[in-house]
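J.:
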Ligand SMILES: NC(=O)c1ccc[n+]([C@@H]2O[C@H](COP(=O)([O-])OP(=O)(O)OC[C@H]3O[C@@H](n4cnc5c(N)ncnc54)[C@H](O)[C@@H]3O)[C@@H](O)[C@H]2O)c1
């Protein structure tokens with residue numbers, strides 16, 4: 011893809027699932043990559059596993075904590091000598107009926123998925139503005155930020171917030187040459203979804219979900235979302251700004 015070779019890319023949540031696939035994809039595009047994730051062992055394992063593919067480093071931290079975000083962005087800046095692209099991907103989910111969600115569960119999902127997204131986006135945007143180089147930011151939203159899936163009220167609310175955060179960032183940051191877009195994947199097979207599915211039927215749940223809800227009759231793969239990340243961050247998307255790209259096998263097209 012045009013304009014990714016040599017670009018300096020920070021991927022939050024880059025140690026697992028979609029973020030890990032994104033790290034692989036940006037390395038294949040010859041980008042220089044820094045990943046962050048919640049678990050230090052997982053981050054170190056991902057870096058060790060991908061080192062032979064190109065330049066990659068990483069650091070653990072919690073995106074909902076301001077001090078950790080400051081540390082991560084500073085470490086990425088130091089390792090890569092600045093930044094060009096943010097893949098703002100870290101997030102978490104829990105399945106819980108609206109009537110059962112506790113205030114603690116609500117607060118944690120919003121803290122990671124919305125506050126964390128904001129903290130990382132703001133820290134990187136400030137850096138890009140100071141650099142004066144422009145850049146590209148892709149925020150991880152979801153089809154759940156567009157329509158209200160049952161048993162995910164807290165998650166849906168967090169992702170709905172990311173959608174409007176993205177549009178507002180696009181309005182305010184376009185003048186600095188910083189492009190901002192969102193990705194809205196549907197059901198993607200990752201460790202996060204495997205853990206949720208394990209509690210409600212595993213492969214059988216996934217198969218029934220794909221059959222009943224997804225016109226392409228299958229769930230998505232992390233590499234398919236990573237490809238969309240790469241496209242939106244590349245110069246091939248140079249006039250795409252403030253958009254939310256749905257990548258869901260047709261799920262939201264169903265009436
Ligand atoms: N899997 C899907 O079907 C799907 C669909 C739409 C959107 N998403 C979004 O994609 C993103 C990645 O999800 P995934 O399915 O690859 O999950 P995953 O659990 O495989 O990976 C999540 C990543 O985020 C990191 N993370 C989680 N909480 C964190 C925190 N507090 N601080 C820092 N890092 C943290 C983890 O360390 C990990 O690297 C999430 O934002 C998720 O909401 C996933």
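Numbering (my numbering), first residue to last: 11 to 265.
Note that the Cβ used here is the ideal one computed from N, Cα and C, for glycine as well.
The structure presented is a predicted model; accordingly, all values stated were derived computationally and were not measured.
Is residue 47 near ligand 1, with its Cβ less than 7 Å from a heavy atom?
T.: Position 37 of the chain shown, counted from the first residue, corresponds to residue 47. Checking every heavy atom of ligand 1 against the Cβ of residue 47, one is found closer than 7 Å.
J.: Compute the beta-carbon to beta-carbon distance between residue 177 and residue 252, rounded to the nearest angstrom, for a pair I have assumed lies under 8 Å.
T.: Sequence index remark: in the chain shown, residue 177 carries index 167 (1-based). Sequence index remark: in the chain shown, residue 252 carries index 242 (1-based). That pair is a contact at about 5 Å.
J.: Verify the CB distance criterion: does residue 36 have a CB-CB separation below 8 Å to chain E?
T.: The chain labelled as chain E is not found in the depicted structure, where only one protein chain is given.
J.: Applying the 10 Å Cβ sphere with the 16-neighbour rule, what's the burial state of residue 265?
T.: For the purposes of this step, residue 265 is taken as residue 255 along the chain shown, with counting starting at 1. Residue 265 comes out exposed.
J.: Here's the rule I'm using: 16 or more other beta-carbon atoms within 10 Å means buried, otherwise exposed. How should residue 80 be labelled?
T.: Indexing the chain shown from 1 puts residue 80 at position 70. Its Cβ having fewer than 16 others within 10 Å, residue 80 is exposed.
J.: With a threshold of 8 Å, are at least 3 pairs of Cβ atoms found where one atom belongs to the stretch 33-41 and the other to the stretch 115-122?
T.: With a cut-off of 8 Å, the stretch 115-122 and the stretch 33-41 do not count as touching, because too few Cβ pairs lie within range.
J.: Quick check: does the Cβ of residue 106 come within less than 7 Å of any heavy atom belonging to ligand 1?
T.: As a first step, residue 106 is located in the chain shown; it is residue number 96 there, counting from the start. No.
J.: Output yes or no for whether 8 Å exceeds the beta carbon distance between residue 119 and residue 74.
T.: Numbered from its first residue, the chain shown carries residue 119 at position 109. Numbered from its first residue, the chain shown carries residue 74 at position 64. No. Outside cutoff.
J.: I need the boundaries of the beta strand (DSSP E) containing residue 265, first residue and last residue.
T.: For the purposes of this step, residue 265 is identified with residue 255 of the chain shown, where counting begins at 1. Residue 265 -> no beta strand (DSSP E), and no H or E assigned at all.
J.: Which same chain residues end up closer than 6 Å to residue 53 when comparing Cβ atoms and leaving out the 5 residues on each side of it in sequence?
T.: To locate residue 53, count along the chain shown from 1; it is residue 43. The answer, listed in chain order, is 25, 47, 68, 70.
J.: Can you give me the start and stop residues for the beta strand (DSSP E) that residue 19 sits inside?
T.: What you label residue 19 is simply residue 9 of the chain shown in a count that begins at 1. Here the beta strand (DSSP E) through residue 19 covers 18-22.
J.: Is DSSP giving residue 249 helix, strand or coil here?
T.: Residue numbering aside, residue 249 sits at position 239 when the chain shown is read from its first letter. Residue state, collapsed to three classes: coil.
J.: Report the partner residues of residue 150 according to the DSSP bridge assignment.
T.: Sequence index remark: in the chain shown, residue 150 carries index 140 (1-based). Answer by DSSP bridge pairing, in chain order: 193.
J.: Which residue marks the beginning of the alpha helix (DSSP H) containing residue 44, and which one marks its end?
T.: Residue mapping note: residue 44 aligns to position 34 of the chain shown, counting from 1. From DSSP, residue 44 is part of no alpha helix (DSSP H) but of the beta strand (DSSP E) over 42-47.
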